[in-house]
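Participant:
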Amino acid sequence: MIIRKERGDLEGSDLQKRVLTGIILGICLFIFTLAGGVYFFIFTEVVILFCSVEVFSLLKRRGTETFDLLGIIGALAVGAGFYWDRFLLLIITLVFLSVLIIRLAKDVSGALSHICGMVFGIIYPAFFLGPIIWLRRSGASYVFIPLVYTCVYDTAAYFTGLKFGRKKLFLRVSTGKSVEGAIGGILFSILAGVVAKLTFAPWLPFVHCIILGVLNSVLAQTGDLVESLLKRDAGIKDSSKILPGHGGVLDRMDSLIFTIPISYYYISFFITNLTTR
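Here this note's numbering runs 12 ahead of the position in the sequence shown, where the first position is 1.
Encoded structure:
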């Protein structure tokens with residue numbers, strides 16, 4: 013799947029676990045994307061479930077009080093809102109009203125941080141990943157666009173940085189990212205977009221291959237850095253240990269959390285009018 017330099021070099025059994033887990037995840041994602049419909053929706057909800065659990069775990073480690081069960085249900089409800097999109101705004105409104113009303117039963121102290129933590133724990137995984145359901149309604153190829161761009165960027169950035177990396181990109185948050193790696197990732201991501209145009213996404217104009225390549229690359233790196241920021245503040249290396257050799261589900265989705273919504277809105281606004289129904 014995706015190998016990140018900041019974790020250090022992987023050897024032996026750890027590398028084998030990482031590769032095997034990545035292959036299994038890739039196959040599952042490919043199958044559910046092709047299946048579409050309610051199967052893809054359920055798969056997306058499972059991803060949102062694990063991500064929300066890990067986000068609330070990060071918040072608790074930092075000392076932020078949360079109602080985990082309410083937050084997880086809220087995140088799943090927002091995800092469901094993208095499937096039944098006519099109710100999306102209603103669901104979001106009810107979820108946030110529930111957070112505010114239930115908080116009234118608690119002490120005044122810490123109310124602001126608690127409410128902000130709950131809202132973040134719901135929005136960060138669910139509202140950002142939800143648009144992938146809308147992408148799938150227009151066809152599997154639309155889902156593969158952010159997936160391909162993101163995977164190629166992360167992989168190319170790692171190997172380019174490993175070979176040529178000298179100047180640190182964002183040392184305060186991540187010690188392993190380099191400017192050279194980021195440039196290499198962008199170039200290969202654009203190339204991946206051109207290949208996508210010539211294979212499974214003929215609807216993608218060449219000029220937009222470049223623009224989407226740059227946008228997805230920048231946001232993939234930003235998403236990675238944002239999660240590194242959260243984990244560093246919480247004092248942990250991985251969001252969980254559920255995926256052998258990879259860490260948590262959030263560790264694997266951090267870049268896609270940023271690239272999925274920008275891909276949906278860019279394609280819908282500038283290339284074709286994507287359906288939400």
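Quick reminder that beta carbons are idealized off the backbone N, C-alpha and C, glycines included.
Tell me, please, which residues DSSP counts as bridged to L255.
Facilitator: Against the sequence shown, residue 255 aligns to sequence position 243. According to DSSP, L255 bridges with G259.
Participant: To which residues of the same chain is R16 closer than 8 Å at the C-beta, ignoring the five residues directly before and after it?
Facilitator: The residue labelled residue 16 in the question sits at position 4 within the sequence shown. Since pLDDT at R16 reaches only 44, below the 50 mark, its modelled position is unreliable, and the value read off the structure follows with that caveat. These residues qualify, in order along the chain: D166, Y170, G188 and D236.
Participant: Rounded to whole angstroms, what's the CA-CA distance from T162 to F108? Just pull it up for me.
Facilitator: As a working mapping, residue 162 is identified with position 150 in the sequence shown. As a working mapping, residue 108 is identified with position 96 in the sequence shown. T162 and F108: Cα-Cα distance of roughly 31 Å.
Participant: I'd like the ranges of any alpha helix (DSSP H) spanning at least 4 consecutive residues and lying wholly in the stretch 190-222.
Facilitator: Here the runs fully enclosed are 191-210.
Participant: Can you find the residues in the same chain that come closer than 7 Å, C-beta to C-beta, to I127, ignoring five residues on each side of it along the sequence?
Facilitator: Residue 127 sits at position 115 when you count from the first residue of the sequence shown. So the list reads V111, L112 and R115, once near-sequence residues are dropped.
Participant: Pick helix, strand or coil for L116, following the three-state DSSP scheme.
Facilitator: For the purposes of this step, residue 116 is taken as residue 104 along the sequence shown, with counting starting at 1. Reduced to three states, the DSSP call for L116 is coil.
Participant: Out of W96, V131, L70 and I198, which one is the CA nearest neighbour of A87?
Facilitator: The residue you call residue 87 lines up with position 75 of the sequence shown. The shortest C-alpha separation from A87 is found at V131.
Participant: Using 8 Å as the threshold, is the C-beta distance between I274 and L242 below it?
Facilitator: Here residue 274 refers to the residue found at position 262 when the sequence shown is read from its first residue. Here residue 242 refers to the residue found at position 230 when the sequence shown is read from its first residue. Contact flag unset, no.
Participant: Could you check which residue in T234, I103 and K253 has the C-alpha nearest to that of V185?
Facilitator: Position 173 of the sequence shown, counted from the start, is the residue given in the question as residue 185. Minimum Cα distance to V185 is reached at T234.
Participant: In three-state terms, what does DSSP make of G188?
Facilitator: The residue given as residue 188 occupies position 176 in the sequence shown. G188: strand per DSSP, three-state reduction.
Participant: Excluding five sequence neighbours on each side, which residues of the same chain lie with their C-beta closer than 8 Å to the C-beta of I84?
Facilitator: Within the sequence shown, numbered from 1, the residue matching residue 84 stands at position 72. Result list for I84: L61, S64, V65 and F68, in chain order.
Participant: When the Cα atoms are used, what is the spatial distance from R30 to L37?
Facilitator: For this step, residue 30 is matched to residue 18 along the sequence shown. For this step, residue 37 is matched to residue 25 along the sequence shown. When rounded, the distance between both Cα atoms is 10 Å.
Participant: Return helix, strand or coil for P273, following the three-state DSSP convention.
Facilitator: Stepping through the sequence shown from its first residue, residue 273 is reached at position 261. Helix, per DSSP.
Participant: Which residues in the same chain as G20 place their Cβ atom closer than 6 Å to its Cβ, once the five residues preceding and following it in sequence are excluded?
Facilitator: As a position in the sequence shown, residue 20 is number 8, starting the count at 1. Because the pLDDT of G20 is 45, which lies under 50, any placement of that residue in the model is unreliable, and the number read from its coordinates should be weighed accordingly. Same-chain partners within the cutoff: there are none.
Participant: Go through its chain and collect everything with a Cβ distance to W215's Cβ below 8 Å, but skip five positions before and after it.
Facilitator: One-based indexing of the sequence shown puts residue 215 at position 203. Only S153, I283 and T284 meet the Cβ criterion.
Participant: Applying the 10 Å Cβ sphere with the 16-neighbour rule, what's the burial state of F176?
Facilitator: As a first step, residue 176 must be located in the sequence shown, where it is residue number 164. Exposed: under 16 other Cβ atoms inside 10 Å.
Participant: I'd like the list of long-range same chain contacts for G259, defined as Cβ closer than 8 Å, with 5 residues on each side in sequence excluded.
Facilitator: For the purposes of this step, residue 259 is taken as residue 247 along the sequence shown, with counting starting at 1. Around G259: K249, D250, S251, S252 and K253.
Participant: Please check the pair I272 and P158, which I expect to be a contact at CB under 8 Å, by giving their CB distance rounded to whole angstroms.
Facilitator: As a position in the sequence shown, residue 272 is number 260, starting the count at 1. As a position in the sequence shown, residue 158 is number 146, starting the count at 1. Going by Cβ atoms, the distance from I272 to P158 rounds to 5 Å, so yes, they are a contact pair.
Participant: Rounded to whole angstroms, what's the CA-CA distance from R74 to G129? Just pull it up for me.
Facilitator: Taking the sequence shown and counting its residues from 1, the one referred to as residue 74 is at position 62. Taking the sequence shown and counting its residues from 1, the one referred to as residue 129 is at position 117. Computed Cα separation, rounded: 10 Å.
Participant: The alpha helix (DSSP H) that contains K72, what's its start and end?
Facilitator: Start at 1 with the first residue of the sequence shown, and residue 72 comes out as number 60. From DSSP, the alpha helix (DSSP H) with K72 extends over G49 to R73.
Participant: Please say whether I103 and S123 have beta carbons closer to each other than 8 Å?
Facilitator: Translated into the one-based positions of the sequence shown, residue 123 becomes position 111. Translated into the one-based positions of the sequence shown, residue 103 becomes position 91. It should be pointed out that residue 123 corresponds to Ala in this sequence rather than to Ser. Not a contact, by the Cβ cut-off of 8 Å.
Participant: Tell me whether the beta-carbon of L183 lies closer than 8 Å to the beta-carbon of V191.
Facilitator: As a working note, residue 183 is residue 171 in the sequence shown. As a working note, residue 191 is residue 179 in the sequence shown. No, the pair does not count as a contact, with Cβ atoms beyond the cut-off.
Participant: Which word fits I35, buried or exposed, when buried means at least 16 other C-beta atoms lie within 10 angstroms of its C-beta?
Facilitator: Along the sequence shown, read from residue 1 onward, the residue named residue 35 stands at position 23. Flag for I35 reads exposed.
Participant: Is the beta carbon of L224 closer than 8 Å to that of E239?
Facilitator: Taking the first residue of the sequence shown as position 1, residue 239 is located at position 227. Taking the first residue of the sequence shown as position 1, residue 224 is located at position 212. It is not a contact, given that the beta carbons lie outside the stated cut-off.
Participant: Thinking C-alpha only, which one of P217, G196 and I195 is nearest G205?
Facilitator: As a first step, residue 205 is located in the sequence shown; it is residue number 193 there, counting from the start. It is P217 whose Cα lies nearest to the Cα of G205.
Participant: For a quick check, are the C-beta atoms of T211 and G196 less than 8 Å apart?
Facilitator: Position 199 of the sequence shown holds residue 211. Position 184 of the sequence shown holds residue 196. Cβ atoms of T211 and G196: not closer than 8 Å.
Participant: Once DSSP output is grouped into helix, strand and coil, what is the label at F176?
Facilitator: Within the sequence shown, residue 176 is the residue found at index 164, counting from 1. If DSSP states are grouped into helix, strand and coil, F176 belongs with the helices.
Participant: Measuring straight from C-alpha to C-alpha, what distance separates A47 and L147?
Facilitator: Mapped onto the sequence shown, residue 47 falls at position 35. Mapped onto the sequence shown, residue 147 falls at position 135. Going by the C-alpha atoms only, they are around 14 Å apart.
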